[in-house]
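Residues 10 to 295 in my numbering are what the sequence shown spells out, letter by letter. Note that the Cβ used here is the ideal one computed from N, Cα and C, for glycine as well. Here's the structure we're looking at; comments come further down.
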Amino acid sequence: MAVAGGTSEPGAGQAGAAWLHVVRAMERAAREKSLAERHERLAAETGREIHTTMARTHRGVEERHRAAARLQEAYARRLTDWLAHRGARPLFMAGVAEACGTRSAALTLVGPDLRQLSIAASDQFSRTAQDLEYVLGVGPATDATRGRRPVSASGPAVDELWPGYGAGLAALGMGSVVAVPLSTAAGCIGALTVFDPQPGLAESGVLTGVADALADGVLLGPDAEPGLYGGTDLRVVVHQAAGMLSEQLHCPVDDATAIIRAHAFATGESPEAVAGQIVSGDLKLN
10 MAVAGGTSEP
20 GAGQAGAAWL
30 HVVRAMERAA
40 REKSLAERHE
50 RLAAETGREI
60 HTTMARTHRG
70 VEERHRAAAR
80 LQEAYARRLT
90 DWLAHRGARP
100 LFMAGVAEAC
110 GTRSAALTLV
120 GPDLRQLSIA
130 ASDQFSRTAQ
140 DLEYVLGVGP
150 ATDATRGRRP
160 VSASGPAVDE
170 LWPGYGAGLA
180 ALGMGSVVAV
190 PLSTAAGCIG
200 ALTVFDPQPG
210 LAESGVLTGV
220 ADALADGVLL
230 GPDAEPGLYG
240 GTDLRVVVHQ
250 AAGMLSEQLH
260 CPVDDATAII
270 RAHAFATGES
280 PEAVAGQIVS
290 GDLKLN
């Protein structure tokens, strides 16, 4: 396994960082494996349940580190190949979608109040779907985050659960969706959503495993990459526009955000496009 380096090319630096994260994640996995094996031996020798429990815990942590390493390696390989051949720059979320067995996946990160802070998507389809959910204020990621539980729907059930969302999803050529929360010991930091997943994915545990690896090994932790190597959109302009609109209309920021979302839905524009017009003074809302 070679680590890229020796160049000032930003992409090469990111590839090198990703390879380094792979090495460190595998080292942590090896330590957890050693601890698990020790407790497995003790469980066999003593028959004590505590060692069985500890072994199971260490095995779970080991797998999360290995899953994080696989995600980092997938991105590092894509980026290394891109440096050699150029073309469209790879996105970290493309590897996440691949790990989930689907072509489209999106990540939503929220704050302590569960208000959306940023998103990342594997492609334009998933980005548009997440913008639709943000505009409507309802959808799978929202429910997975608030309920801290997996949610899934397909066909007509999508629109029954989230009015307007199912029709929008169908217009994008998608018919089913699954979302799982990104849970940590401190709470929920967001959700991972996949579109048109393979049958049985929701029940397989694969999606939850990828979400755990993202939460514990990529977004948080000693080698955290919360920006996913520049692949996240912080929706800064939306928050800025909501603040300005709140002052202009003398209303709460949440109400101002809802107005921006409603206008985006009515015009078919993205929330960022509407917010940009408000910030520039080209659009007045009341």
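#### Entry: Cβ neighbours of Glu82 in the same chain (closer than 6 Å, five flanking residues each side left out)
The residue you call residue 82 lines up with position 73 of the sequence shown. So the list reads Val31, once near-sequence residues are dropped.
### Message
Please classify Asp140 as buried or exposed, where buried requires at least 16 neighbouring CB atoms within 10 angstroms.
### Response
Along the sequence shown, one-based indexing puts residue 140 at 131. Result: buried.
### Message
Give me the DSSP bridge partner(s) of Val187.
### Response
Counting from 1 along the sequence shown, the entry for residue 187 is found at position 178. DSSP, once it has assigned bridges, lists Ser161 and Val203 as partnering Val187.
### Task
Leaving out five residues on either side along the sequence, give the residues of the same chain with a beta carbon under 6 Å from the beta carbon of Gly14.
For this step, residue 14 is matched to residue 5 along the sequence shown. Because the pLDDT at Gly14 is just 40, under 50, the model does not fix this residue reliably, and the value given afterwards should be weighed accordingly. Once the five neighbours on either side are set aside, the close Cβ partners of Gly14 are Gly25.
### First and last residue of the uninterrupted beta strand (DSSP E) at Ser289
For the purposes of this step, residue 289 is identified with residue 280 of the sequence shown, where counting begins at 1. Going by DSSP, Ser289 is part of no beta strand (DSSP E) but of the alpha helix (DSSP H) stretching over Pro280 to Ser289.
### Same chain, Cβ closer than 6 Å to Ala38, neighbours up to 5 away in sequence not counted
For this step, residue 38 is matched to residue 29 along the sequence shown. The answer, listed in chain order, is Glu71, His74 and Arg75.
### Message
Can you find the residues in the same chain that come closer than 8 Å, C-beta to C-beta, to Arg57, ignoring five residues on each side of it along the sequence?
### Response
Position 48 of the sequence shown, counted from the start, is the residue given in the question as residue 57. Excluding five sequence positions before and after Arg57, the CB atoms of its chain that fall closer than 8 Å to its own CB belong to Leu51, given in chain order.
### Message
Just to confirm the assignment, what range does the alpha helix (DSSP H) spanning Leu254 have?
### Response
On the sequence shown, residue 254 is found 245 positions in, with the first residue counted as 1. In this chain, the alpha helix (DSSP H) harbouring Leu254 covers Val245 to Leu258.
### Where Thr117 sits in the DSSP three-state scheme
The count along the sequence shown starts at 1 and reaches residue 117 at position 108. Reduced to three states, the DSSP call for Thr117 is strand.
### Message
Please report the distance separating the alpha-carbon of Val227 from that of Pro235.
### Response
Position 218 of the sequence shown holds residue 227. Position 226 of the sequence shown holds residue 235. Straight-line Cα distance between these residues: approximately 7 Å.
### Task
Count the other CB atoms, across all protein chains shown, that sit within 10 Å of the CB of Val245; report buried if there are 16 or more and exposed otherwise.
Numbered from 1 along the sequence shown, position 236 holds the residue referred to as residue 245. Burial check for Val245: the Cβ neighbour count within 10 Å stays below 16, so the residue is exposed.
### Message
I'd like to check one pair, Val186 with Ser163: are the Cβ atoms closer than 9 Å?
### Response
As a first step, residue 163 is located in the sequence shown; it is residue number 154 there, counting from the start. As a first step, residue 186 is located in the sequence shown; it is residue number 177 there, counting from the start. Taking 9 Å as the Cβ cut-off, Ser163 and Val186 qualify as a contacting pair.
### Query
Residue range of the alpha helix (DSSP H) that Ser213 falls in?
Within the sequence shown, numbered from 1, the residue matching residue 213 stands at position 204. Leu210 to Ser213 is the extent of the alpha helix (DSSP H) around Ser213.
#### Entry: Burial state of Gly148 (16 or more Cβ within 10 Å)
Here residue 148 refers to the residue found at position 139 when the sequence shown is read from its first residue. In this structure Gly148 is buried. Its beta-carbon is surrounded by 16 or more other beta-carbon atoms within 10 angstroms.
### Message
Short of 8 Å in beta carbon distance, which residues of its chain neighbour Leu223, apart from the five on each side in sequence? Order them along the chain.
### Response
In the sequence shown, the residue the question calls residue 223 occupies position 214. Taken in chain order, the residues that qualify are Ala77, Leu80, Val105, Leu116, Leu191 and Leu201.
### Message
Checking 9 Å against the spacing of the C-beta atoms, do Ala275 and Ala265 come in under that value?
### Response
Locating residue 275 in the sequence shown gives position 266, counting from the first residue. Locating residue 265 in the sequence shown gives position 256, counting from the first residue. Going by C-beta atoms, Ala275 is not nearer than 9 Å to Ala265.
#### Entry: Test item: CB-CB of Gly177 and Leu145 under 9 Å
Within the sequence shown, the letter at position 168 stands for residue 177. Within the sequence shown, the letter at position 136 stands for residue 145. Using a Cβ distance threshold of 9 Å, Gly177 and Leu145 count as a contacting pair.
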